[in-house]
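Residue numbers (this note's numbering): 15 to 218. To start, the structure under review is shown below, and the notes come after it.
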Amino acid sequence: MTESIDQATYGSSFEASLSGRSLILAQITADVAEAAVVSTSVVAGVILLMLLVIQTGRTGDPVRGIKRGFVAWLPLMAVVAWVFGIMGYTGFQLNSQTVTIGALTLGLGVDYAIHIATRLEEEAEHDPLAGPEVWVSRAVSTTGRAMGAAAITTAGGFSVLNLSSLVPLQLFGQAFVVAIALALISSLFVLTPLYAKLLEGEIA
Numbered sequence: 015m016t017e018s019i020d021q022a023t024y025g026s027s028f029e030a031s032l033s034g035r036s037l038i039l040a041q042i043t044a045d046v047a048e049a050a051v052v053s054t055s056v057v058a059g060v061i062l063l064m065l066l067v068i069q070t071g072r073t074g075d076p077v078r079g080i081k082r083g084f085v086a087w088l089p090l091m092a093v094v095a096w097v098f099g100i101m102g103y104t105g106f107q108l109n110s111q112t113v114t115i116g117a118l119t120l121g122l123g124v125d126y127a128i129h130i131a132t133r134l135e136e137e138a139e140h141d142p143l144a145g146p147e148v149w150v151s152r153a154v155s156t157t158g159r160a161m162g163a164a165a166i167t168t169a170g171g172f173s174v175l176n177l178s179s180l181v182p183l184q185l186f187g188q189a190f191v192v193a194i195a196l197a198l199i200s201s202l203f204v205l206t207p208l209y210a211k212l213l214e215g216e217i218a
């Protein structure tokens with residue numbers, strides 16, 4: 015298009031190029047989106063590797079360690095998909111603050127995942143014949159309650175950002191409160207049945 019403008023209007027001695035606020039904003043948006051993908055992917059990879067190493071070290075069995083680590087990791091990726099999906103559906107814009115929401119969600123979620131997974135392992139070792147339903151019930155009623163209290167206090171702290179006069183900080187606070195809630199829900203209602211079933215299979 016710019017070549018046609020050059021030739022038709024100014025001849026060969028001039029060159030037309032796109033400019034203006036819209037072009038700058040489009041470039042910034044593209045850069046922010048790319049940064050979000052890169053940061054989230056890197057953190058996801060590091061967390062997966064960490065979970066595999068931790069679980070392999072705990073079990074002393076590479077196969078069991080890989081299975082446990084991967085099962086604990088999958089719900090974290092579901093949370094990231096939920097968060098970005100909700101942000102897109104509700105019209106949240108990625109900016110210099112919210113660009114890190116994926117990585118922060120993973121960092122928070124892995125903490126919840128390790129806590130509840132460890133509790134399930136303890137229940138399975140203590141009472142292997144009780145079954146997944148009992149293990150999950152006990153884990154959620156004990157460790158799950160503590161995680162819920164921690165999530166409420168963390169969400170309360172970040173909700174204060176809504177009082178900021180800067181809109182990007184307000185959006186970041188709102189997005190992270192949603193991420194905290196989803197990370198907790200995923201750990202308690204997605205990870206627990208999957209992990210308990212895995213433990214049952216190992217015992218059997």
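Quick reminder that beta carbons are idealized off the backbone N, C-alpha and C, glycines included.
- For Asp141, no alpha helix (DSSP H) segment is defined, and its DSSP state is neither H nor E.
- The region 140 to 193 contains, as complete alpha helix (DSSP H) runs of 4+ residues, the segments 146 to 153, 159 to 173 (chain order).
- Burial of Gln69 is indicated by the presence of at least 16 other C-beta atoms within 10 angstroms of its C-beta.
- Within 10 angstroms of the beta-carbon of Ala210 lie 16 or more other beta-carbons, which makes it buried.
- Counting only the Cα atoms, Leu143 lies some 34 Å from Gly121.
- Separation of the CB atoms of Ile115 and Phe190 is rounded to 6 Å, and the pair is thereby assigned contact status at 8 Å.
- If you draw a straight line from the Cα of Phe186 to the Cα of Val174, it comes to about 11 Å.
- In the DSSP assignment, Phe84 falls within the alpha helix (DSSP H) that extends over 76 to 104.
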